[in-house]
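Structure first, commentary second.
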């Protein structure tokens, strides 16, 4: 039987993945209120204000830890730099999604956080596979997933992006432990 930690902290070389709290609300609102960040996600609205950040933190607090886990990505020097989450949906394996704030793009934080979350998912959550996707106009996210060991499935799925207010094509990927 798998015992689920109530609030795990996953540490990588430069990052700590931890549950977001009330102390993170203003920082999350500032980082996420960027149209170029939000438009690469399905669920994030734009604009993203304090009320959105508060609702996000409260939503994470009531997640069923057996079905979903959301981590704030915190850098040792810069503080919070993004979010990564794993959740069960309609796919046979849980899906992982993430975003990194624009000032921290291109520094390898997404790849490092993803690898930490994958290690946690396989060890603590006992998952042997994860699903992910990236919008067809976001090849940088595809490279992050490839570096972490995800492979393309060949499926392209359409989903509604709240920030774009439009249907968007997503290239689907899978990781097997």
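Residue numbers (my numbering): 825 to 1001.
Each residue gets a CB set at the ideal place from its N, CA and C atoms; glycine is no exception.
Beta-carbon spacing of residue i, residue j below 8 angstroms
| i | j | result |
| --- | --- | --- |
| residue 999 | residue 973 | yes |
| residue 910 | residue 953 | no |
Identity of the residue in the options nearest residue i by Cα
| i | options | result |
| --- | --- | --- |
| residue 841 | 887, 862, 889 and 908 | 908 |
| residue 906 | 875, 868 and 914 | 868 |
| residue 903 | 946, 855 and 912 | 855 |
| residue 994 | 956, 924, 852 and 914 | 956 |
| residue 981 | 939, 992 and 971 | 992 |
Bounding residues of the alpha helix (DSSP H) (the contiguous stretch that carries residue i)
| i | result |
| --- | --- |
| residue 905 | Here residue 905 belongs to no alpha helix (DSSP H); instead the beta strand (DSSP E) covers 903 to 911. |
| residue 972 | Per DSSP, residue 972 belongs to no alpha helix (DSSP H) and is neither H nor E. |
| residue 933 | 933 to 947 |
First and last residue of the uninterrupted beta strand (DSSP E) at residue i
| i | result |
| --- | --- |
| residue 992 | 990 to 1000 |
| residue 953 | 953 to 959 |
With a floor of 3 residues, list each beta strand (DSSP E) that falls wholly inside the region 833 to 884, ordered by position along the chain. 839 to 842
How do the region 836 to 851 and the region 893 to 907 stand: do at least 3 beta-carbon pairs fall below 8 angstroms, yes or no? yes
Taking one C-beta from the region 847 to 863 and one from the region 984 to 994 each time, how about it: are there three or more such pairs within less than 8 angstroms? yes
Specify whether the region 869 to 884 and the region 917 to 930 touch according to this definition: at least 3 beta carbon pairs, one from each stretch, less than 8 angstroms apart. no
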